[in-house]
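First to last, the sequence lines map onto chains Z and S. So the number in this note's numbering is just where the residue sits in the first sequence, counting from 1, plus 120. So the number in this note's numbering is just where the residue sits in the second sequence, counting from 1, plus 18. For each residue, glycine too, the CB sits at the ideal point set by N, CA and C. Please read these numbers as outputs of a predicted model, since none were measured by experiment.
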Amino acid sequence: DVKVTQSSRYLVKRTGEKVFLECVQDMDHENMFWYRQDPGLGLRLIYFSYDVKMKEKGDIPEGYSVSREKKERFSLILESASTNQTSMYLCASFTLAGDTDTQYFGPGTRLTVL
Amino acid sequence: GQNIDQPTEMTATEGAIVQINCTYQTSGFNGLFWYQQHAGEAPTFLSYNVLDGLEEKGRFSSFLSRSKGYSYLPLKELQMKDSASYLCAVRSPNKLIFGTGTRLQVFP
């Protein structure tokens, strides 16, 4: 019953490295999202995509980029990782399908940047 | 601006009833979600309101008043496994804006 998967549960990278976080959903959803979650700050939206090759900035896009080449896959890229990007990253997807909309989350990737 | 407020922490005992409140001020409103998140895990969907009133869904009902910008999640017959964070989120217009969450601790 897997719906949203993320490429890694735990990741350790060094400052300056380029980091790719992958997210795949099997529900044919149009909308996909990347959040980061930090203690005391809650879930903050980094980027979202409402269709293939479409992307929009969320609340904290600086230092990140995204790619949506296929409907089921949404990638988050840290161009040059920094220590302040150490966080839990959560991918989510949902479809605009009436009054039973539900957003499903992936299991999360805990990224540590040294 | 966009603002969603929840109490930071709550405590209760097994078998008790608690109500977790959420107030919001957003530029648009297309529904309000409640999620449960256990430590180290991803949020899981509990309930969704788009119209005023009580939405009953098993153990996890939720109430919404759009005119007051207010929702609450009543938790009845608390169990130890209900110890978790409860996240309120507003859809505006097609993205979810989250509050910082309410951490509920249930004691024996």
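Around the beta-carbon of residue 129 of chain Z, fewer than 16 other beta-carbon atoms lie within 10 Å, marking it exposed. A Cβ-Cβ contact shorter than 8 Å links residue 167 of chain Z with residue 178 of chain Z. At a beta-carbon threshold of 7 Å, the residues of chain S lying near residue 210 of chain Z are 60, ordered along the chain. Residue state for residue 179 of chain Z is assigned as coil, using DSSP reduced to three classes. Listed by position along chain Z, the residues whose Cβ is nearer than 8 Å to that of residue 118 of chain S are 160, 161, 162. Secondary structure remark: continuous beta strand (DSSP E) runs of at least 3 residues inside the stretch 138-204 of chain Z, in chain order: 139-145, 151-158, 162-169, 184-190, 193-198.
Not flagged as an interface residue toward chain Z: residue 75 of chain S, since no C-beta distance is shorter than 8 Å. In the DSSP assignment, residue 115 of chain S falls within the beta strand (DSSP E) that extends over 114-116. Bounds of the beta strand (DSSP E) holding residue 22 of chain S are 21-23. Taking each of S:63, S:117, S:123, S:122 in turn and checking the Cα distance to residue 43 of chain S, the smallest one comes out for S:117. Collapsing the DSSP output to three states places residue 99 of chain S in a helix. In this structure the stretch 132-150 of chain Z does not touch the stretch 86-103 of chain S; the number of beta carbon pairs closer than 8 Å is below three. As a beta-bridge residue in DSSP terms, residue 82 of chain S pairs with S:71, S:89. Between the stretch 34-43 of chain S and the stretch 149-165 of chain Z there are fewer than three inter-stretch CB-CB distances shorter than 8 Å, so the stretches are not counted as touching. At a cut-off of 8 Å between C-beta atoms, residue 194 of chain Z does not count as an interface residue with respect to chain S. Put simply, the CB of residue 104 of chain S is far from chain Z, with every gap to its CB atoms at 8 Å or more.
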